[in-house]
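Throughout, this note's numbering is defined as the position within the sequence shown, counted from one, plus 1.
Every residue gets a Cβ at the ideal spot worked out from N, C-alpha and C, and that includes glycine.
Only a predicted model underlies this, so the values are computations on that prediction, with no experimental measurement involved.
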Amino acid sequence: MKTPTIRTVIALDSPDPYERGKQRSAALGDELLGGLDTYFRLFRTVGIPEVTVRSDAERLLDAVASWSPRLAAEMSGTADGAGVETWQIAALNGRTEILSQALGTRPGECSTIGRVGSHVFGVQTWDWHEELDPYWHLQSVAGPARSFVGLTEHGMMGKIGMNDAGVSVFLNILGHQDDRPAGVPVHLIAAEVLANASSVAEAVDIVCSAGATTSTALTLMDESTAVTAEIGPGAAILIQPENGTLAHTNHFLDSGLGEGEKPGLYDPDSQQRLALVQSRLDQSRLSLCGPDSVDEIVPFLYSGPGEPGLCCVPSPDAVFGQRWATLATVTMENRKREMRVANGTPLDARGQEWLALVPVSS
């Protein structure tokens, strides 16, 4: 069982995005630089030289500045506060896009379940490189149109979270053969949703306006609605709940986008994990009319001996760049405006107290 860690919860409260960025870097201090160094080591390890990282990051920064000057200003403030160049912070926020060009490496794996029943709720595991476990934090952000709380990595504006309108975002990385670091980074799309959307419909509009060029599934929920937006290069396809449930791992569910799936990236593991989750949901629906609470749905992401790895634990002999681990488990209850976070896997979460976050009302 993973030893619980007291996570930093940083509070940002300036109406000015540049100043919020400076608040972010001040709150994180040298830990932000540690995360930056680890990412640049990762880029080198997977064969992406710094000159390419910089070129990609500057291209992404231009796309963000055109789409959301607010986010560009916040990244600039974060960079200035940390004493680094803005393109380096853009590289952090665009790490998914930059890593989409890596050769011979498998990304981390995540599993998400969203439920629309008597109320809307969901759970996600976040799997990523074990070496980056020290470099994520929780945040409470006020100042944008919507206040929000969330889990994100050091130097990144957003990832998984919920805002004061009850709109929440889960995130699963996908892989398409045409992925490239050119459009708005998917993590910044999630940040923009949290900072501005008052409903799933508004969240979808934001996602569709971004022109992303790297693939992701964003599961978007509010008090009464849930949908997964599968983002591929130049496209965003909406996946509706089936039997009141949205379940997603790391492959496309839309057949059109699936035709361009990057081979050998997640298969067959992703399909096996999703099949396991779906079988548990089917059994539950037949016997109990489906899970109707967060506490009921978290065990659907337990991994038992011989089962697909819903809980990700690195092999003892795995080297840097291949040590995938479940770093956190996150739940959302939209009606309550409550996000809960536990360190490690859903199995680890049984032995620790969840940290509950509620956004400050705007």
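Helix, strand or coil at residue i [DSSP, three-state]
i, result
"Thr153", "strand"
"Asp223", "coil"
"Ile49", "coil"
"Arg116", "strand"
"Gly233", "strand"
"Met2", "Below a pLDDT of 50, predicted positions are generally treated as unreliable, and Met2, at 49, falls in that range; the measurement from the model is reported next regardless. In this structure, Met2 counts as coil in the three-state DSSP scheme."
"Ile11", "strand"
"Ala166", "coil"
"Glu308", "coil"
"Thr214", "coil"
"Thr250", "coil"
"Glu354", "coil"
"Glu32", "helix"
"Glu59", "helix"
"Glu243", "strand"
"Glu262", "strand"
"Thr302", "Rather than Thr, the amino acid found at residue 302 in this sequence is Leu. If DSSP states are grouped into helix, strand and coil, Leu302 belongs with the helices."
"Leu175", "coil"
"Glu65", "Strictly speaking, residue 65 in this sequence is Val, with Glu absent from that position. In the structure shown, Val65 sits in a helix (DSSP, three-state: H, G or I)."
"Val359", "coil"
Rounded straight-line distance, which links the Cα of residue j to that of residue i
i, j, result
"Met2", "Ala202", "Residue placement at Met2 cannot be trusted, given a pLDDT of 49 that sits under 50; the coordinates are not used to answer."
"Thr39", "Ser119", "43 Å"
"Met76", "Gly352", "37 Å"
"Leu220", "Glu32", "With the sequence shown as reference, residue 220 is identified as Thr, and Leu is not the correct amino acid for it. Straight-line Cα distance between these residues: approximately 29 Å."
"Ser101", "Gln272", "20 Å"
"Arg55", "Leu29", "23 Å"
"Ser210", "Glu132", "34 Å"
"Pro16", "Pro70", "14 Å"
"Pro360", "Ala276", "34 Å"
"Gly1", "Phe321", "With the chain represented from 2 up to 363, any question about residue 1 goes unanswered, as that position is not in the structure."
"Ser169", "Asn335", "7 Å"
"Val228", "Asn244", "13 Å"
"Ala181", "Ala12", "It should be noted that the sequence gives Arg, not Ala, for residue 181. Whole-angstrom Cα-Cα distance: 33 Å."
"Phe253", "Arg25", "34 Å"
"Asp14", "Asp57", "30 Å"
"Gly78", "Trp137", "19 Å"
"Thr246", "Val124", "12 Å"
"Ser348", "Pro186", "The amino acid at residue 348 is misidentified as Ser; the sequence shows Leu. Rounded to whole angstroms, Leu348 to Pro186 spans 31 Å at the Cα level."
"His130", "Gln284", "33 Å"
"Arg281", "Phe301", "7 Å"
"Thr226", "Glu297", "20 Å"
"Ser112", "Ile99", "22 Å"
"Gln279", "Tyr303", "13 Å"
"Gly176", "Leu358", "31 Å"
"Leu72", "Val194", "12 Å"
"Ser216", "Glu231", "7 Å"
"Asp268", "Gln140", "33 Å"
"Arg286", "Gly115", "14 Å"
"Lys337", "Gly167", "8 Å"
"Leu36", "Pro317", "According to the sequence shown, residue 36 is Gly rather than Leu. Computed Cα separation, rounded: 23 Å."
"Thr97", "Ile174", "8 Å"
"Gln241", "Val85", "42 Å"
"Pro264", "Gln178", "8 Å"
"Thr126", "Ala350", "11 Å"
"Pro234", "Ala204", "18 Å"
Residue span of the alpha helix (DSSP H) that contains residue i, given as start and end
i, result
"Gln89", "87-94"
"Arg71", "70-83"
"Glu193", "187-197"
"Tyr206", "The sequence given here has Asp at residue 206, not Tyr. Unbroken alpha helix (DSSP H) run through Asp206: 201-210."
"Ala27", "18-29"
"Asp296", "295-298"
"Ser256", "256-259"
Nearest to residue i (by Cα), restricted to the options the options
i, options, result
"Asn197", "Trp127, Gly144, Gln272, Arg8", "Gly144"
"Val342", "Ala191, Asp268, Gly162", "Gly162"
"Leu258", "Asp270, Arg55, Thr214", "Thr214"
"Ala83", "Phe44, Tyr19, Thr113", "Tyr19"
"Phe122", "Ala350, Trp88, Leu356, Glu339", "Glu339"
"Gly95", "Ala183, Leu328, Leu34", "Ala183"
"Met333", "Pro306, Val299, Pro315", "Val299"
"Leu104", "Thr9, Ile190, Phe44", "Phe44"
"Ala248", "Val117, Glu224, Leu37", "Val117"
"Thr46", "Gly115, Gln323, Asn344", "Gln323"
"Ala329", "Leu61, Thr87, His188, Gly345", "Gly345"
"Ala191", "Gly151, Glu224, Arg60", "Gly151"
Boundaries of the beta strand (DSSP E) in which residue i is found, first to last residue
i, result
"Gln140", "137-142"
"Gly184", "It is not in any beta strand (DSSP E) - Gly184 carries neither H nor E in the DSSP assignment."
"Asp128", "121-130"
beta-carbon residue i near the ligand MN non-hydrogen atom, thresh 6 Å
i, result
"Ser148", "Ligands in the displayed structure: none, and consequently the ligand MN is not present."
Quiz prompt | Those runs of the beta strand (DSSP E) which lie wholly inside the segment 312-343 and span at least 3 residues | solution = 325-334
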